[in-house]
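Shown next, in structure tokens, is the structure this report addresses.
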Amino acid sequence: MVKHYTFNPHTLSYETLGIPLRMRICRILVAVLLGCALSTMTIYIFSCFFETPRAAFMRQQNEELQIKYDFLLQRFRQTDSELNELMHRDNMVYRSIFEADPIPLSVRESGMGGMGRYEKLLADAQLEQMARTLIFMDKITKKVYVQSKSFDEVAVYAREKEEMIFCIPSIQPINLSDPKVHFSGGYGWRSDPFYKVRTFHHGIDFGGPVGTPIYAAGSGRVEKAEFNWGGYGNMVLIDHGFGYHTRYAHLSAINVQKGDKIARGQIVGLMGDTGRSRGTHLHYEVLFKNQDVNPINFFNNDISEDEYNKIIKALKEDANKPAMEY
Ligand SMILES: [Zn+2]
274 MVKHYTFNPH
284 TLSYETLGIP
294 LRMRICRILV
304 AVLLGCALST
314 MTIYIFSCFF
324 ETPRAAFMRQ
334 QNEELQIKYD
344 FLLQRFRQTD
354 SELNELMHRD
364 NMVYRSIFEA
374 DPIPLSVRES
384 GMGGMGRYEK
394 LLADAQLEQM
404 ARTLIFMDKI
414 TKKVYVQSKS
424 FDEVAVYARE
434 KEEMIFCIPS
444 IQPINLSDPK
454 VHFSGGYGWR
464 SDPFYKVRTF
474 HHGIDFGGPV
484 GTPIYAAGSG
494 RVEKAEFNWG
504 GYGNMVLIDH
514 GFGYHTRYAH
524 LSAINVQKGD
534 KIARGQIVGL
544 MGDTGRSRGT
554 HLHYEVLFKN
564 QDVNPINFFN
574 NDISEDEYNK
584 IIKALKEDAN
594 KPAMEY
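Spelled out as structure tokens, the structure:
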């Protein structure tokens, strides 16, 4: 260290000068700053080559988190694939059984707000994985919601179908195994017995003795039970719901009243010859949405193959034959 001296004229000798306080402080400050810089540099260099325990702990935690997210995503993908299988079955099997339109994939996946709500998370590299997992979870949640709604609908269709099975006309209005009863006129164009012109026959006819019981072809409610002046004579019209009606005409007696609840197979009246009719017979019509349809297509519950073939044969023979009944 450099020492400073001063000459003392009284003692005639050199005396050592003390270091001024300001200089001392400056020196200390420089030393401290140098120390700090040196230690910062050392820490920086050290951290470039070696990891601090805290950094190592956090890195390990990050890795574990990444593994957990990967696992979660994998489970979501599995769930999504099972859900897709369920959706396919719902569209192609359950909904098609009940003639319901399939739900398109665009509807099943729409309406969750997309990726917009996770923009901030997606912009952060550390949180991107979490955002993607959340987006995937939203997609699955939406699919599950739509699927559960679809199952609710299917359950309603199933209940309606059960009711529909009872209501839709599907038995013959007459006991065809009775030898006195026979099929006597088919649905379609034929010569009118009264006006001698070709007219459309809106139902089918069964001949037999007066008083032969006539049965309701399906469950429903009596809409009309009255004498019809238009030609049907004593007539019963049953509303089966689901767009279906059946008409039983030319009856000798009516056994039900307007508004009565009717079960399939219940006697609604007796065969007769009332109204515009030539000979005792039943005129039977099936209407769907107020349009008559061929009743032969609704004998699917109780008709044997022989009986069906007999009717088809009679229909062919009947096609050009002038009808004896209305
Ligand atoms: Zn007829």
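The sequence shown begins at 274 in this note's numbering and counts up one residue at a time. For glycine and all other residues, C-beta sits at the position ideal for the given N, C-alpha and C.
Identity of the residues DSSP links to Ser-464 by a beta bridge: Here residue 464 refers to the residue found at position 191 when the sequence shown is read from its first residue. The partner list for Ser-464 (beta bridge, DSSP) reads Arg-471.
Enclosing alpha helix (DSSP H) for Ile-298 [first to last residue]: Looking up residue 298 in the sequence shown gives position 25. Counting along the chain, the alpha helix (DSSP H) containing Ile-298 begins and ends at 294-322.
Extent of the continuous alpha helix (DSSP H) run through Phe-409: Indexing the sequence shown from 1 puts residue 409 at position 136. Start and end: 401-440.
In this structure, how does DSSP classify Lys-341 when only helix, strand and coil are distinguished? Taking the sequence shown and counting its residues from 1, the one referred to as residue 341 is at position 68. Three-state DSSP puts Lys-341 in a helix.
For Glu-598, does the count of other Cβ atoms within 10 angstroms reach 16, so buried, or fall short, so exposed? Position 325 of the sequence shown, counting from 1, holds the residue named residue 598. Because the pLDDT at Glu-598 is just 49, under 50, the model does not fix this residue reliably, and the point stays unresolved.
Report yes if the C-beta of Gly-548 is less than 7 angstroms from at least one heavy atom of ligand 1; otherwise report no. As a position in the sequence shown, residue 548 is number 275, starting the count at 1. Checking every heavy atom of ligand 1 against the Cβ of Gly-548, none is found closer than 7 angstroms.
Shorter than 7 angstroms, the distance from the beta carbon of His-455 to the closest heavy atom of ligand 1, or not? The count along the sequence shown starts at 1 and reaches residue 455 at position 182. No; taking the cut-off as 7 angstroms, the Cβ of His-455 has no heavy atom of ligand 1 nearer than that.
Just tell me which of Ile-527, Ile-477 and Phe-424 has its CA closest to the CA of His-361. If you number the sequence shown from 1, residue 361 lands on position 88. For His-361, the closest alpha carbon among the candidates Ile-527, Ile-477 and Phe-424 is that of Phe-424.
Which whole-angstrom value describes the C-beta separation of Ala-498 and Ile-444, a residue pair presumed to lie in contact below a C-beta threshold of 8 angstroms? In the sequence shown, residue 498 corresponds to position 225, counting from 1. In the sequence shown, residue 444 corresponds to position 171, counting from 1. Actually they are not in contact, since the Cβ atoms of Ala-498 and Ile-444 sit about 20 angstroms apart, beyond 8 angstroms.
So, for Pro-375: in the same chain, excluding its five sequence neighbours on each side, which residues have a beta-carbon less than 6 angstroms away from its beta-carbon? Translated into the one-based positions of the sequence shown, residue 375 becomes position 102. Same-chain partners within the cutoff: Asn-364 and Arg-368.
Can Ile-569 and Tyr-517 be called in contact, C-beta distance under 8 angstroms? Here residue 569 is taken as the residue at index 296 of the sequence shown, counted from 1. Here residue 517 is taken as the residue at index 244 of the sequence shown, counted from 1. Not closer than 8 angstroms, so no.
Ends of the alpha helix (DSSP H) at Ala-396? Residue numbering aside, residue 396 sits at position 123 when the sequence shown is read from its first letter. Element bounds for Ala-396: 392-396.
Is the distance from the Cβ of Ile-477 to the Cβ of Val-541 below 8 angstroms? For the purposes of this step, residue 477 is taken as residue 204 along the sequence shown, with counting starting at 1. For the purposes of this step, residue 541 is taken as residue 268 along the sequence shown, with counting starting at 1. Their beta carbons are not under 8 angstroms apart, which means Ile-477 does not touch Val-541 by this criterion.
Name the residue from Gln-351, Gln-399 and His-277 whose alpha carbon lies nearest to the alpha carbon of Gln-334. Against the sequence shown, residue 334 aligns to sequence position 61. Per the Cα distances, Gln-399.
If we call anything under 8 angstroms between Cβ atoms a contact, is Ser-525 one with Met-544? In the sequence shown, counting from the first residue as 1, residue 525 sits at position 252. In the sequence shown, counting from the first residue as 1, residue 544 sits at position 271. If you check the CB distance, Ser-525 and Met-544 come in under 8 angstroms.
In three-state terms, what does DSSP make of Thr-279? The count along the sequence shown starts at 1 and reaches residue 279 at position 6. In the structure shown, Thr-279 sits in a strand (DSSP, three-state: E or B).
Going by CA-CA distance only, name the one from Glu-358, Thr-406, Ile-438 and Gly-504 that's closest to Ala-536. By one-based count along the sequence shown, residue 536 stands at place 263. It is Ile-438.
Helix or strand or just coil, what does DSSP make of Gln-347? Residue numbering aside, residue 347 sits at position 74 when the sequence shown is read from its first letter. Residue state, collapsed to three classes: helix.
According to the Cβ coordinates, are Gly-481 and Thr-553 closer than 8 angstroms? Counted from its first residue, the sequence shown places residue 481 at position 208. Counted from its first residue, the sequence shown places residue 553 at position 280. Yes, the Cβ-Cβ distance between Gly-481 and Thr-553 is below 8 angstroms.
Let me confirm a value: Lys-534 is counted as buried when at least 16 other C-beta atoms fall within 10 Å, else exposed. Which label applies? Reading the sequence shown from its first residue, position 261 is the one you call residue 534. Exposed.
Is the separation between the beta-carbon of Asn-501 and that of Gly-532 shorter than 8 angstroms? Looking up residue 501 in the sequence shown gives position 228. Looking up residue 532 in the sequence shown gives position 259. Contact: no.
Cα separation between Gln-402 and Leu-306? Taking the sequence shown and counting its residues from 1, one reaches residue 402 at position 129. Taking the sequence shown and counting its residues from 1, one reaches residue 306 at position 33. Answer to the nearest angstrom: the Cα atoms are 44 angstroms apart.
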